Amino acid sequence: MTTMTTKVRKLRLNRSEQRQSRTSELLDAAWELFCERGYDAITIDQVAEFAGYSRKPVYTLFGDKQTLFFELWARMFLELIDSVQVVFEPGATLRANLKRTADLGAERGRQGAILQDRGLFFVVQTIALGREDLAARAKKMHETVLDQLAAAIKASRLEGKDRLRGKPEEIAAHLIAHINGLSLLHFQTGKNYMKADDLLDLFVCMSITSKPAR
Numbered sequence: 001m002t003t004m005t006t007k008v009r010k011l012r013l014n015r016s017e018q019r020q021s022r023t024s025e026l027l028d029a030a031w032e033l034f035c036e037r038g039y040d041a042i043t044i045d046q047v048a049e050f051a052g053y054s055r056k057p058v059y060t061l062f063g064d065k066q067t068l069f070f071e072l073w074a075r076m077f078l079e080l081i082d083s084v085q086v087v088f089e090p091g092a093t094l095r096a097n098l099k100r101t102a103d104l105g106a107e108r109g110r111q112g113a114i115l116q117d118r119g120l121f122f123v124v125q126t127i128a129l130g131r132e133d134l135a136a137r138a139k140k141m142h143e144t145v146l147d148q149l150a151a152a153i154k155a156s157r158l159e160g161k162d163r164l165r166g167k168p169e170e171i172a173a174h175l176i177a178h179i180n181g182l183s184l185l186h187f188q189t190g191k192n193y194m195k196a197d198d199l200l201d202l203f204v205c206m207s208i209t210s211k212p213a214r
C-alpha cells in the first residue's frame, strides 16, 4: 500500500506582513541586547546582526538608534495599557477595579525584568528631551492613556456611600503619577515597594471618599 504524503504549502507573507515581522524581530533583538548590555553599549548595527539581518532593514524601518528604542518602549507601553484595560472591567465596582489594578502592579513589581523595563523608560525620557518629534509622540500616548483611564474610572460603579474624590481625569492623573513615582523609586533603589495591599489603600485613598458632599 502506497502512502501519499501531502506537502504543506508555506504561506507567503505579503509586504506589509513581512515589514511587521521584521519590525517585531528587530525590537525583540533590541530588548534582549538592552537587558544584557544597556543602551549606551549597543549599536544599531549590532541589533541588526543579532536579529539576523543586514543593517539596511533596521535603518529603513527605524532610521536611527533613538527611534528604534523609542519604538521598543512604545510597544511595551501599549502592552502594559492593554493589561490595565483588561483588569478595569466596565460596570464592576471601582473598589474591585482598583484592587485588580493593585494586584497587577504588585505582580509586575515581582517580575525579574521589571528594572530593565523601567530603565528603558528613563532612556526614552532622556531621548525625548532632545527629539521634539519623539517627545510629541510620547506626550500624545500619555494623554491617550490618561483619557482611557479616566473613562474606565467613570464607567466603574460606586457602592454604598462611596463618591469620587474628584473629577475622573484628576484621579487618573494622580494614579499615574503615583505609579510612576513608585517605579522611579524601584529603579533607583532596586527595592520593590509595590505591595498589593499598600497599593490598594493608596489607590482607594486617591479615588474614593465616603464623606457626604457639602
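With the UniProt record's numbering, the residue at position 133 of the sequence shown is 133, and numbering never jumps.
C-beta atoms are modelled at their ideal positions from N, C-alpha and C, and glycine is treated no differently.
Owing to the predicted nature of the structure, the values given are computational and were not obtained by experimental measurement.
Are the region 93 to 106 and the region 157 to 168 touching by the rule of at least three beta carbon pairs closer than 8 Å?
yes
Check each candidate in His186, Leu200, Ala135, Val204 and name the one with the smallest Cα separation from Gly162.
For clarity, residue 162 is Asp in the given sequence; the question names Gly instead. Among His186, Leu200, Ala135, Val204, the Cα nearest to that of Asp162 belongs to Val204.
Taking contact to mean at least 3 C-beta pairs separated by less than 8 Å, is the region 79 to 95 in contact with the region 144 to 155?
yes
With DSSP collapsed to three states, give me the class of Thr209.
strand
If contacts are defined as beta-carbon pairs under 8 Å, then Ile153 and Pro168 qualify, I think. What distance do you get, rounded to the angstrom?
4 Å
Does DSSP classify Leu164 as helix, strand or coil?
strand
Using a 10 Å radius around the Cβ and a threshold of 16 neighbouring Cβ atoms, would you call Ser183 buried or exposed?
buried
Can you find the residues in the same chain that come closer than 7 Å, C-beta to C-beta, to Leu200, ignoring five residues on each side of it along the sequence?
Leu98, Lys99, Ala102
Beta-carbon proximity check, Ser210 vs Leu164, cutoff 8 Å
no
Which residues in the same chain as Glu25 place their Cβ atom closer than 7 Å to its Cβ, once the five residues preceding and following it in sequence are excluded?
Ala51
Just to confirm, is the Cβ distance from Ala41 to Leu68 under 8 Å?
no
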